[in-house]
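Peer 1: Below you will find the structure I want to go over with you.
There are 2 protein chains.
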Amino acid sequence: MSGALKDAAIRVERPAKTLRELALDKVREAIVNGYFRPGVRLVERDLCAQLGVSRTVVREVLRHLESEGLVANLPNKGPIVAQLDIDEARQIYEIRGALEGMAARLCAERGSPEIVTALEESLTAIRNSYHDNDMAGVLANTSSFYQTLFNMVDRHVAWGVVNLLTVRINHLRSMTIKTERRSIEGPLQMSKIIDAIRRGDGEGAQRAAMDHVAAACAIAEAVLSTQKPAE
Amino acid sequence: MSGALKDAAIRVERPAKTLRELALDKVREAIVNGYFRPGVRLVERDLCAQLGVSRTVVREVLRHLESEGLVANLPNKGPIVAQLDIDEARQIYEIRGALEGMAARLCAERGSPEIVTALEESLTAIRNSYHDNDMAGVLANTSSFYQTLFNMVDRHVAWGVVNLLTVRINHLRSMTIKTERRSIEGPLQMSKIIDAIRRGDGEGAQRAAMDHVAAACAIAEAVLSTQKPAE
DNA sequence: TTACAGTATTTGGTAGGCCATAATACGATT
DNA sequence: AATCGTATTATGGCCTACCAAATACTGTAA
Numbered sequence: 001m002s003g004a005l006k007d008a009a010i011r012v013e014r015p016a017k018t019l020r021e022l023a024l025d026k027v028r029e030a031i032v033n034g035y036f037r038p039g040v041r042l043v044e045r046d047l048c049a050q051l052g053v054s055r056t057v058v059r060e061v062l063r064h065l066e067s068e069g070l071v072a073n074l075p076n077k078g079p080i081v082a083q084l085d086i087d088e089a090r091q092i093y094e095i096r097g098a099l100e101g102m103a104a105r106l107c108a109e110r111g112s113p114e115i116v117t118a119l120e121e122s123l124t125a126i127r128n129s130y131h132d133n134d135m136a137g138v139l140a141n142t143s144s145f146y147q148t149l150f151n152m153v154d155r156h157v158a159w160g161v162v163n164l165l166t167v168r169i170n171h172l173r174s175m176t177i178k179t180e181r182r183s184i185e186g187p188l189q190m191s192k193i194i195d196a197i198r199r200g201d202g203e204g205a206q207r208a209a210m211d212h213v214a215a216a217c218a219i220a221e222a223v224l225s226t227q228k229p230a231e
Numbered sequence: 001m002s003g004a005l006k007d008a009a010i011r012v013e014r015p016a017k018t019l020r021e022l023a024l025d026k027v028r029e030a031i032v033n034g035y036f037r038p039g040v041r042l043v044e045r046d047l048c049a050q051l052g053v054s055r056t057v058v059r060e061v062l063r064h065l066e067s068e069g070l071v072a073n074l075p076n077k078g079p080i081v082a083q084l085d086i087d088e089a090r091q092i093y094e095i096r097g098a099l100e101g102m103a104a105r106l107c108a109e110r111g112s113p114e115i116v117t118a119l120e121e122s123l124t125a126i127r128n129s130y131h132d133n134d135m136a137g138v139l140a141n142t143s144s145f146y147q148t149l150f151n152m153v154d155r156h157v158a159w160g161v162v163n164l165l166t167v168r169i170n171h172l173r174s175m176t177i178k179t180e181r182r183s184i185e186g187p188l189q190m191s192k193i194i195d196a197i198r199r200g201d202g203e204g205a206q207r208a209a210m211d212h213v214a215a216a217c218a219i220a221e222a223v224l225s226t227q228k229p230a231e
């Protein structure tokens, strides 16, 4: 009896992170925050040395990142950090628009006040981060805004897809949020999403969400087009 | 001169598929067509023997399938073939609806007659496969119908996402198309998509595409709910 | 200066081994 | 008989070392 009773409650949490997962996170981090620039070669043995792990682990990590779209594999030449071309970025924004729009509509149609509360919390966190000039915080809190949007209606698969795609445009995101326009427009558009959800206006919530990513995409394009010639 | 002249033209087409990719395809195939049932353990060393490759390759393949969602990894127990629960299937259908609806709308808005022609070709191929009772053909041609939908408007990223999700519900798909209802309804709904595209009716095309996957989802749920008790 | 041969680099792939953990079986003890 | 502890086995995680083939580099000879 003593063993069977609510043992789930006292279950010991153990880290259980394998070396592989740790290495995966490290390398993914290194790519998304620009430590490894796009196009750079990822030489297996160099990574082994830098990460302090064996080739086995490195290879599995590279395969994983490959299927995430963060690294590309040139045949007989090896893996490089994937280049992001503007068309692909546009497509990713478009997909995010479709899925986030869907999630927003579902939130509105559910009409539960907890959703509004949770989203408002995220939004104030974003505003605070903007106020503190904490750009990493803006990024993280924006993610969590959308995560609640999906989680509140139990759409974890869609959230997974969005998340997967988002890492590929991460450096674009970090550039768009730095724009002055974005720091005002962004939170405003997000509050419009919340308003529509509060009213139970599914159509409006969807449109507002799509507008929001469309605006992000437009800024990203502008930033990208001014940068390309310089490179 | 003899070596440099138009060597591109006579370039020997070599398979270039790495062993890893071959193994990946084999195992994925084995999972989607049910040779490895859901929940079954995938013991690395056994797979090595069955595939005739080394553990390195097998492990990389397993990682890849894991990130595709076809394999789940129980901590301290190893990989198993992922179980598909009904809620997840529903979510996948929903996402397909959103993305295929988007693609259909874009096709309609582009208004080029080649799209209509290509889609009609796919549709007649589907009808023929149904007529011949060739279910594998139905599946393949249905895929290619949607592939053209995405390709015609250059949305290869979205197509990749749909494709990725679709393998996870593949056995559901093969069950839904066997339904009598589906063999009539399916092509009919697809022709509605084409009609809307021909009219340039984006809204209608989107709705028709979403209806189509919604119907597929409904049948899948029906099939799944009659099966679960038996298991 | 060019062509070519040799060399280094690097991936793809293999073989085998070590260790930790989980489950199972088995034996001993109360 | 029930329980407890211990060996055994199966397996994943991880490592080292090795080889073959393709590519990139480099120095030398014509």
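Chains L and S are the protein sequences, given in the same order. When we follow the UniProt record's numbering, the leftmost residue of the first sequence carries the number 1, and every step to the right adds one. When we follow the UniProt record's numbering, the leftmost residue of the second sequence carries the number 1, and every step to the right adds one. From the three backbone atoms N, C-alpha and C, an ideal C-beta is built for every residue, glycine too. These numbers come from a predicted model, not from an experiment.
For T148/L, decide whether its Cβ has a neighbour in chain S, counting only Cβ atoms nearer than 8 Å.
Peer 2: no
Peer 1: Do the region 107–118 of chain S and the region 151–165 of chain S meet, that is, are 3 or more Cβ pairs less than 8 Å apart?
Peer 2: yes
Peer 1: From V106/S to E88/S, what does the alpha carbon distance come to, in whole angstroms?
Peer 2: Looking at the sequence itself, residue 106/S is Leu, so the reference to Val does not match. Their Cα atoms are separated by approximately 27 Å.
Peer 1: Taking just the CA atoms, how far does S144/L sit from T18/L?
Peer 2: 26 Å
Peer 1: Compute the distance between the beta-carbons of C48/L and R41/L, then report whether it is under 8 Å.
Peer 2: no
Peer 1: Which of the three DSSP states, helix, strand or coil, is assigned to E231/L?
Peer 2: Legend: pLDDT at E231/L = 36, less than 50; position of this residue unreliable, value from coordinates given subsequently. E231/L: coil per DSSP, three-state reduction.
Peer 1: Check the Cβ-Cβ distances between L42/L and every residue of chain S, and say whether any is below 8 Å.
Peer 2: no
Peer 1: My understanding is that L63/L touches R63/S, with C-beta atoms under 8 Å, so please give their C-beta distance in whole angstroms.
Peer 2: Leu is not the amino acid found at residue 63/L; the sequence shown has Arg there. Going by Cβ atoms, the distance from R63/L to R63/S rounds to 5 Å, so yes, they are a contact pair.
Peer 1: Does DSSP classify N133/S as helix, strand or coil?
Peer 2: coil
Peer 1: Hey, out of A220/L, R198/L, V57/L, P75/L, whose CA is closest to L119/L's CA?
Peer 2: R198/L
Peer 1: For I80/S, does the three-state DSSP call read helix, strand or coil?
Peer 2: strand
Peer 1: Take R173/S as the anchor and find which of L188/S, L224/S, E114/S has the nearest alpha-carbon.
Peer 2: L224/S
Peer 1: Does the distance from the CB of V71/S to the CB of V81/S come in under 8 Å?
Peer 2: Yes.
Peer 1: Mind listing the chain S neighbours of A16/L? Cutoff is C-beta to C-beta under 9 Å, in chain order.
Peer 2: In chain order: P75, N76.
Peer 1: What residue does the beta strand (DSSP E) around A72/L start on, and which one ends it?
Peer 2: 71–74
Peer 1: Tell me the DSSP bridge mates of R41/S?
Peer 2: I80/S
Peer 1: Taking a cut of 7 Å between CB atoms, which residues from the region 95–113 of chain S lie near chain L?
Peer 2: Those residues of the region 95–113 of chain S that come within reach of chain L (Cβ to Cβ, closer than 7 Å) are I95, A98, L99, M102.
Peer 1: Just the chain L side, please: which residues come within less than 7 Å of Q91/S by C-beta, in chain order?
Peer 2: R155, V157, A158
Peer 1: For A214/L, collect the residues of the same chain with a Cβ closer than 7 Å to its Cβ; drop the 5 residues on either side in sequence, then sort them by chain order.
Peer 2: G97
Peer 1: What are the boundary residues of the alpha helix (DSSP H) that includes S112/L?
Peer 2: That residue, S112/L, is in no alpha helix (DSSP H); it is neither H nor E in DSSP.
Peer 1: If you follow the alpha helix (DSSP H) that N33/S is in, where does it begin and where does it stop?
Peer 2: Note, N33/S: premise wrong, no alpha helix (DSSP H); not H, not E.
Peer 1: Is there at least one Cβ from chain S nearer than 8 Å to E203/L's Cβ?
Peer 2: no
Peer 1: Pick out whichever of L99/L, N128/L, L149/L, P79/L has its Cα sitting closest to the Cα of V36/L.
Peer 2: The amino acid occupying residue 36/L in the given sequence is Phe; Val does not appear at that position. Of L99/L, N128/L, L149/L, P79/L, the residue nearest in Cα terms is P79/L.
Peer 1: Answer with buried or exposed for T176/L, where buried requires no fewer than 16 other C-beta atoms within 10 angstroms of its C-beta.
Peer 2: Result: buried.
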